[in-house]
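Visitor: For the sequence shown, the numbering used here begins at 1 and goes up steadily by one.
I am attaching a structure below and will ask some questions about it afterwards.
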Amino acid sequence: MIWKIVLYALTGYVALCALVFIFQRKLLYLPDNTRLTEDIAIKEGLRYWPLIENFQGFVNQGKSVDARGTIIVFHGNAGTAYHRNFYVKALSIHGFRVVLAEYPGYGGRDGQPSENVLVDDALKTMRLAYKEYGEPLFVWGESLGCGVVSSAVSKIDIPIKAVVLFLPWDSLPNLAQTHYRYLPARWLVLDKYNNIDNLKGFKGNIAVILAENDEIIPVQHGKKLYDSIKTKKKLWLFENARHNEMPVEPQLAWWKEVITFISH
Numbered sequence: 001m002i003w004k005i006v007l008y009a010l011t012g013y014v015a016l017c018a019l020v021f022i023f024q025r026k027l028l029y030l031p032d033n034t035r036l037t038e039d040i041a042i043k044e045g046l047r048y049w050p051l052i053e054n055f056q057g058f059v060n061q062g063k064s065v066d067a068r069g070t071i072i073v074f075h076g077n078a079g080t081a082y083h084r085n086f087y088v089k090a091l092s093i094h095g096f097r098v099v100l101a102e103y104p105g106y107g108g109r110d111g112q113p114s115e116n117v118l119v120d121d122a123l124k125t126m127r128l129a130y131k132e133y134g135e136p137l138f139v140w141g142e143s144l145g146c147g148v149v150s151s152a153v154s155k156i157d158i159p160i161k162a163v164v165l166f167l168p169w170d171s172l173p174n175l176a177q178t179h180y181r182y183l184p185a186r187w188l189v190l191d192k193y194n195n196i197d198n199l200k201g202f203k204g205n206i207a208v209i210l211a212e213n214d215e216i217i218p219v220q221h222g223k224k225l226y227d228s229i230k231t232k233k234k235l236w237l238f239e240n241a242r243h244n245e246m247p248v249e250p251q252l253a254w255w256k257e258v259i260t261f262i263s264h
C-alpha cells in the first residue's frame, strides 16, 4: 500500500514538473498585445519609432537635435512599452531622447516572446538607434528588461556608454528556484537570462536600482548581481519599496543621481 502512495506522489510530482516546463513561458511573459492608436500616442507625447509600420517602439516627441544622448528603455514582462511613459517624463527633463522599446508579441507587434527572440530584437533596436542618433547611447532595463539588456550588450557591436538595471535578478534559473523551491526549477528553465555572466565583459558604468521588499525579484538576487559587477558601479536601494511600488515621480532626486553617474 505504501509503495502505491509513493508511486502516486512521484507521478504527481513529475507531472507538476512537466506542466511547469511546458507552460513556463506563459508564466514568464505576460504581454498586452493592444496596439496604441497614433492619436493617443501623440497626446502622450510619443511617436511610433522608427516608423509606424514595422515599429520597434516609441520615441518622445519634441526637439531632440541637441539631446544629451539617447536612452533605450526595455520594459518588464507585463504590459507594453507605452505603459512606461513615466521614463520619458523623468528622463527627458534631463535632456535625453528616450526610446521605449517594444517586444515582439507585445503592444501590437507580431511574434512569440523568448530569450532569443527578445534579445535579437533588442540588438536590432540598439543598432537602429545608433544609426539614427549616434552616440552616446545608453540602455535601461526594467525587471525582465534587465535580462534582455544584459544579454544584448554582451553581443552588441556598437558602443554602449552605460547600463541601468532597474529591479534586476542575477539569473532566471536562480530566481525560479527561489519561487519554486520544492521543484528542480533551475534545471527546468529554458530562458536563462544570466545577467552575471552576460555583464562580465561590459566596461561602461552600471547603475543598479533595487527594492528592499521586492516580492517578485527578492532583493538578494539583485545584490548578488551587483556584487559580481567588476566595472564602475553604483547601487540605489529603496527601503520598504515593493516591486510594483517604486517611487518614479519625475521630480525625485534619484533620477538626476542616476543620470549624473551614467553620464561620466
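Cβ coordinates follow ideal geometry from the N, Cα and C atoms, glycine included.
Keep in mind that this is a model prediction, so the values were computed, not measured.
Going by DSSP, what residues sit across from L237 in a beta bridge?
Guide: Paired residue(s): L210.
Visitor: Taking 8 Å as the cut-off, does the region 184-202 touch the region 130-137 (at least 3 CB pairs, one atom from each stretch)?
Guide: No contact exists between the region 130-137 and the region 184-202.
Visitor: Is it right to say Q56 is buried, meaning 16 or more other beta carbons lie within 10 angstroms of its own, or is it exposed?
Guide: Q56 should be labelled buried.
Visitor: Nearest to I158 by CA position, among E132, G145, L172 and T178, is which residue?
Guide: Closest option to I158, Cα to Cα, is E132.
Visitor: Should the region 228-235 be regarded as contacting the region 65-84, the criterion being three or more beta carbon pairs within less than 8 Å?
Guide: Counting Cβ pairs under 8 Å, fewer than three are found: no touch.
Visitor: State the Cα-Cα distance for the pair H179 and V20, rounded to the nearest angstrom.
Guide: C-alpha separation (whole angstroms): 12 Å.
Visitor: Are the region 198-208 and the region 100-111 touching by the rule of at least three beta carbon pairs closer than 8 Å?
Guide: The region 198-208, when compared against the region 100-111, does not touch it at the 8 Å Cβ threshold.
Visitor: To which residues of the same chain is S150 closer than 6 Å at the C-beta, ignoring the five residues directly before and after it?
Guide: Closer than 6 Å at Cβ, skipping near neighbours: N195, N198 and L199.
Visitor: State yes or no: is the C-beta of G204 within less than 8 Å of the C-beta of I156?
Guide: Not closer than 8 Å, so no.
Visitor: In angstroms with no decimal places, state the Cα-to-Cα distance between L128 and V208.
Guide: Distance between the alpha carbons of L128 and V208 is about 25 Å.
Visitor: Assign V219 to one of three DSSP states: helix, strand, or coil.
Guide: Here V219 sits in helix by DSSP.
Visitor: From this set, H94, A122 and Y130, which residue's C-alpha is nearest I259's C-alpha?
Guide: Closest by alpha carbon: H94.
Visitor: Report back the beta-carbon spacing between S143 and R25 to the nearest angstrom; my notes put them in contact at under 8 Å.
Guide: S143 to R25, Cβ: 16 Å. No contact.
Visitor: Please state if the CB of G141 and the CB of F166 are separated by a distance shorter than 8 Å.
Guide: Yes. Within cutoff.
Visitor: Rounded to the nearest angstrom, what separates A18 and L190 at their Cα positions?
Guide: Cα-Cα distance, rounded: 13 Å.
Visitor: Taking the straight line between their C-alpha atoms, what separation do you get for K60 and K192?
Guide: At residue 60 the sequence reads Asn, which differs from the Lys that was named. Their Cα atoms are separated by approximately 32 Å.
Visitor: Are there any heavy atoms of the ligand NAP lying less than 7 Å away from the beta-carbon of F202, as far as the coordinates show?
Guide: This structure lacks the ligand NAP; in fact it carries no ligand of any kind.
Visitor: Candidates Y29, I52 and I217: which alpha carbon is nearest A41's?
Guide: Minimum Cα distance to A41 is reached at I52.
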